[in-house]
Amino acid sequence: PQSGEKILDIAAGTGTSSMALKLPGVEVVAADFSKGMLAEGKKRYPELEFVFADAMKLPFKNNEFDVVTMSFGLRNVQDRDKALGEFLRVLKPGGRLVICEFSHVPGLLGVFYRAYLTLILPHVSRLASKTPAAYSYLSESIVAWPKQAELAKDIAKAGFSKTQWKNLSFGVVAIHSAIREK
Numbered sequence: 046p047q048s049g050e051k052i053l054d055i056a057a058g059t060g061t062s063s064m065a066l067k068l069p070g071v072e073v074v075a076a077d078f079s080k081g082m083l084a085e086g087k088k089r090y091p092e093l094e095f096v097f098a099d100a101m102k103l104p105f106k107n108n109e110f111d112v113v114t115m116s117f118g119l120r121n122v123q124d125r126d127k128a129l130g131e132f133l134r135v136l137k138p139g140g141r142l143v144i145c146e147f148s149h150v151p152g153l154l155g156v157f158y159r160a161y162l163t164l165i166l167p168h169v170s171r172l173a174s175k176t177p178a179a180y181s182y183l184s185e186s187i188v189a190w191p192k193q194a195e196l197a198k199d200i201a202k203a204g205f206s207k208t209q210w211k212n213l214s215f216g217v218v219a220i221h222s223a224i225r226e227k
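Last residue of the sequence shown: 227 (my numbering), numbering continuous.
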């Protein structure tokens, strides 16, 4: 982030990811669909602006933000294409989109990772968690999620350019970025 920029962090939850963007001179709007998460975020980070928002119908003006970010939320959006269209709409020309999301590990390591997600994680979560269904959903949603190149195509199809991604942790997570052309 650069001084003077206005950033929209979607699926911000309690604002932890938003606070990482809150540098001097940077305005950050933390948006989420969960009123409970927003209420907790307002207590934790009163210096942030929290807004109730559906990623598929954002309550912001056209061309309002320099950057739109989303961390680990796009998998949970009902209509990904509609959300990507909204991200494009609220970005200023030349604005940047950055999406951090679980992804696919390539090669032999990917075989072991998928086995971990589908066979080990659900069993461990039943023993260690009060909400094992959440971990089953996590595993299922990661396995069903499009591969990096497919998501990049979806982002480009929404109208973005210079779409790229960078794998982190061998591809367990990928950061996708793109630009809204002028």
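Every residue gets a Cβ at the ideal spot worked out from N, C-alpha and C, and that includes glycine.
Residue i burial status per 10 Å Cβ neighbour count (16 or more: buried)
i           : result
residue 184 : buried
residue 213 : exposed
residue 126 : exposed
residue 209 : exposed
residue 91  : exposed
residue 124 : exposed
residue 98  : buried
residue 158 : buried
residue 215 : exposed
residue 47  : exposed
residue 146 : buried
residue 59  : buried
Residue span of the beta strand (DSSP E) that contains residue i, given as start and end
i           : result
residue 209 : 206-213
residue 223 : 218-224
residue 227 : Note, residue 227: premise wrong, no beta strand (DSSP E); not H, not E.
Three-state secondary structure (DSSP) of residue i
i           : result
residue 109 : coil
residue 201 : helix
residue 74  : strand
residue 103 : coil
residue 188 : helix
residue 93  : coil
residue 116 : strand
Spatially closest choice to residue i from the options, by CA coordinates
i           : options               : result
residue 166 : 180, 78, 58 and 157   : 180
residue 116 : 148, 108, 138 and 192 : 148
residue 83  : 96, 227 and 73        : 96
Run of the alpha helix (DSSP H) containing residue i, from where it starts to where it stops
i          : result
residue 84 : 80-89
residue 65 : 61-66
Can you list the beta strand (DSSP E) stretches of 3 or more residues lying completely in the stretch 119-178, in chain order? Taking only runs of at least 3 residues, the beta strand (DSSP E) segments lying wholly in the stretch 119-178 are 136-147.
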